[in-house]
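*Asks:* Protein chains in written order, with the working numbering: chain W, 10 to 325; chain V, 240 to 499. Even for Gly, the Cβ is constructed at its ideal location relative to N, Cα and C.
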């Protein structure tokens, strides 16, 4: 017996799987970027929706992954495949050392601190401090993925690579939610004092959320840089961080369908209404305000109570 | 090692220069039910917060099995086997009853850091063991029918049971109950009394703050009475009950209430 949610999920999966067959190259690119942004939004959701940390600098980890691939490939000639692991590990490393000193801060203070990190990151990129980041123009000419002489160059290949990446991200999110680690994040989010009194180290699990979230965002960044074969600072600025933050809150914190809906509304809808030029952002801003007033827990809120069936036998 | 599992020696706690706990000492024996009573604002909950690491007392010692634990962070106190409930219920309100109780299994779960990302056979075994333990506790506290209900949607009496189940899930050596009967009706209080006796029979030492005199007098083997942060009397229930100092403290506070 399948419930409504899994049926919608399967229908969506089939649609997404065949999407490249129906669209032109511009819409294919929108689809690919939607998948990549969904992965970033999911990784933001680990930190914001699960651990409850008001982190508004997530574009930095996304950018760290993108720039790691770009620098290693363009400046040092590494094949793209070889840059995948570093593009995950470098953001994880920075998440660990940057979040460590601020993790104890209260929500609003931490939010300001993470914006600060994002601004410094953009400054470093734009000023080309190590002579590696290409300054305000960024880095061009990033290679495509090549495996045994096969070139994954077309937009369709890009789309399916992003599709697989989203699959991996969803697999990790599901595993996280069903583990001691994901639950500990929820407990901290709902009541820090009660969580501590149950033996949960707030610091450990918030850092865990940051490091895992940064790693997934880094993988998405690597994919993003390959898709556009270029990276530039403005794709990873605070405005982008605000978008990822908003996606989670509008869609529904800690809700897998919610985050997908959020990404669709915040990224795909503006593309659909491109002909209305900047006027579309008026509607967009209003939608954000109305969602928060009418559905403060998001469009598709998370549902708890996913417990093993053998514990449900007495439930009426 | 002494026969006392927990020793509080000359503990004082100040808030902005005001004394909340004043040179307080007590000793809790293993397996005992230890009652703490006193008028409102006497510093009873502050004492529990000092034991569980939420506050660090400025003076004195708190010894757990002979070892100083003053200043230890709350999560490490829980790892030592000291678990508590709260006077103002602190459940994870949006989460289901089963998930709330599962939080107590946190320190018993043996999942490795990578199990948050990838699951292994050891993970599946551990996960199942812990959920089954949650199932046992739900049965013990008659909560099975609410397994998937958000804890915040349930009545006060049921929420108190969930809090106790959650603390007990961690298999504590010392269970600290902060006014477990507050807000319960007569029948629920009788049920609670039975349950506390059963928990004691499992070998758990219990410390409790309680205003329900009938309950605290019938359950406790030893009672300390606190007023204005200091100990004013201590002994077996029958002694404390008849101690003129205690009667004075309670009647005195009643008179103040009348004037207010």
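At a cut of 8 Å, does the stretch 160-175 of chain W reach the stretch 313-325 of chain V through at least three beta carbon pairs?
*Replies:* Flag = no, the stretch 160-175 of chain W and the stretch 313-325 of chain V do not touch.
*Asks:* Can you tell me where the alpha helix (DSSP H) holding residue 249 of chain V begins and where it ends?
*Replies:* Taken as a continuous stretch (DSSP letters only), residue 249 of chain V belongs to no alpha helix (DSSP H), being part of the beta strand (DSSP E) at 243-254.
*Asks:* Using 8 Å as the threshold, is the stretch 326-341 of chain V in touch with the stretch 427-437 of chain V, meaning 3 or more CB pairs across them?
*Replies:* No contact exists between the stretch 326-341 of chain V and the stretch 427-437 of chain V.
*Asks:* Taking only three categories from DSSP, how would you classify residue 487 of chain V?
*Replies:* In this structure, residue 487 of chain V counts as helix in the three-state DSSP scheme.
*Asks:* Report the partner residues of residue 149 of chain W according to the DSSP bridge assignment.
*Replies:* DSSP output for residue 149 of chain W lists W:239 as bridge partner(s).
*Asks:* Quick one: which unbroken alpha helix (DSSP H) runs of 4-plus residues sit fully inside the stretch 370-442 of chain V? Chain order, please.
*Replies:* Complete alpha helix (DSSP H) runs here, min 4: 395-408, 425-440.
*Asks:* Smallest Cα separation from residue 216 of chain W: which of W:64, W:264, W:45, W:289?
*Replies:* Checked all of W:64, W:264, W:45, W:289; the closest Cα to residue 216 of chain W is W:64.
*Asks:* Starting from residue 258 of chain V, follow its DSSP beta bridges and name the residues at the other end.
*Replies:* Residue 258 of chain V is bridged to V:253.
*Asks:* So who's on the other strand from residue 469 of chain V, going by DSSP bridges?
*Replies:* Per DSSP, V:466.
*Asks:* Compare the C-beta of residue 12 of chain W with all C-beta atoms of chain V and state if any pair is closer than 8 Å.
*Replies:* Judged by the 8 Å Cβ criterion, residue 12 of chain W is not in contact with chain V.
*Asks:* With a cut-off of 8 Å, does the C-beta of residue 155 of chain W fall near any C-beta of chain V?
*Replies:* Answer no: the Cβ-Cβ gap between residue 155 of chain W and chain V never drops below 8 Å.
*Asks:* Less than 7 Å between C-beta atoms, sequence neighbours within five positions excluded: which residues of the same chain meet that for residue 143 of chain W?
*Replies:* So the qualifying residues of the chain are 137.
*Asks:* Can a CB atom of chain V be found closer than 8 Å to the CB of residue 115 of chain W?
*Replies:* No - not a single Cβ of chain V is within 8 Å of the one on residue 115 of chain W.
*Asks:* Verify the CB distance criterion: does residue 303 of chain V have a CB-CB separation below 8 Å to chain W?
*Replies:* Judged by the 8 Å Cβ criterion, residue 303 of chain V is not in contact with chain W.
*Asks:* Assuming the contact rule is C-beta atoms closer than 8 Å, residue 297 of chain V and residue 253 of chain V should be a hit. Round their C-beta distance to whole Å, please.
*Replies:* Yes, residue 297 of chain V and residue 253 of chain V are in contact; Cβ-Cβ is about 6 Å, under 8 Å.
*Asks:* For residue 154 of chain W and residue 109 of chain W, what's the separation of their Cα atoms in angstroms?
*Replies:* In a straight line, the C-alpha of residue 154 of chain W is about 35 Å away from that of residue 109 of chain W.
*Asks:* Does DSSP classify residue 325 of chain W as helix, strand or coil?
*Replies:* Note: residue 325 of chain W maps to coil in three-state DSSP.
*Asks:* Excluding the 5 residues preceding and the 5 following residue 495 of chain V in the sequence, name in chain order all residues of the same chain whose CB lies nearer than 7 Å to its CB.
*Replies:* In this predicted model, residue 495 of chain V has a pLDDT of only 48, less than 50, meaning its place in the structure is not dependable; the value taken from the coordinates is given anyway. Cβ within range, chain order: n/a, list empty.
*Asks:* So, under 8 Å CB-CB, residue 397 of chain V and residue 373 of chain V are touching, yes? Tell me the CB distance rounded to an integer number of Å.
*Replies:* Not really, about 16 Å apart at Cβ, beyond 8 Å.
*Asks:* Rank V:363, V:241, V:284 by C-alpha distance to the C-alpha of residue 303 of chain V and give the top, closest one.
*Replies:* Ranking the options by Cα distance to residue 303 of chain V, first place goes to V:241.
*Asks:* Within 10 angstroms of the Cβ of residue 189 of chain W, are there 16 or more other Cβ atoms? Answer buried if so, exposed if not.
*Replies:* That one is buried.
*Asks:* Give the C-beta separation of residue 262 of chain V and residue 469 of chain V to the nearest angstrom, bearing in mind that I take them to be a contact with Cβ-Cβ under 8 Å.
*Replies:* At roughly 7 Å, the Cβ-Cβ gap stays under 8 Å, so residue 262 of chain V and residue 469 of chain V are in contact.
*Asks:* For residue 172 of chain W, name the three-state secondary structure that DSSP assigns.
*Replies:* Three-state DSSP puts residue 172 of chain W in a helix.
*Asks:* Could you check if residue 26 of chain W is buried or exposed, using at least 16 other CB atoms within 10 Å of its CB as the buried criterion?
*Replies:* Under this definition residue 26 of chain W is an exposed residue.
*Asks:* Any beta-carbon of chain V closer than 8 Å to the one on residue 313 of chain W?
*Replies:* Output row for residue 313 of chain W: interface = yes.
*Asks:* Whose CA, out of V:463, V:464, V:401, V:461, lies closest to the CA of residue 500 of chain V?
*Replies:* With chain V covering 240 to 499 only, the question about residue 500 of chain V has no answer from this structure.
*Asks:* Out of curiosity, what's the CA-to-CA distance linking residue 174 of chain W and residue 390 of chain V?
*Replies:* Taking the straight line joining both Cα atoms gives about 36 Å.
*Asks:* Are the CB atoms of residue 230 of chain W and residue 75 of chain W nearer to each other than 8 Å?
*Replies:* Cβ distance < 8 Å, so residue 230 of chain W and residue 75 of chain W count as in contact.
*Asks:* Could you work out which residues of chain W lie near residue 389 of chain V, taking near to mean beta carbons separated by less than 8 Å?
*Replies:* Under the 8 Å cutoff, chain W gives 313, 314.
*Asks:* So, with DSSP's three-state summary, where would you put residue 289 of chain W?
*Replies:* Of the three classes helix, strand and coil, the one that applies to residue 289 of chain W here is helix, per DSSP.
*Asks:* Using only CA atoms, which one of W:185, W:116, W:38, W:50 lies nearest to residue 170 of chain W?
*Replies:* Comparing Cα-Cα distances from residue 170 of chain W to each of W:185, W:116, W:38, W:50, the minimum goes to W:38.
*Asks:* By the three-class DSSP mapping on this structure, what secondary structure does residue 205 of chain W have?
*Replies:* Residue state, collapsed to three classes: helix.
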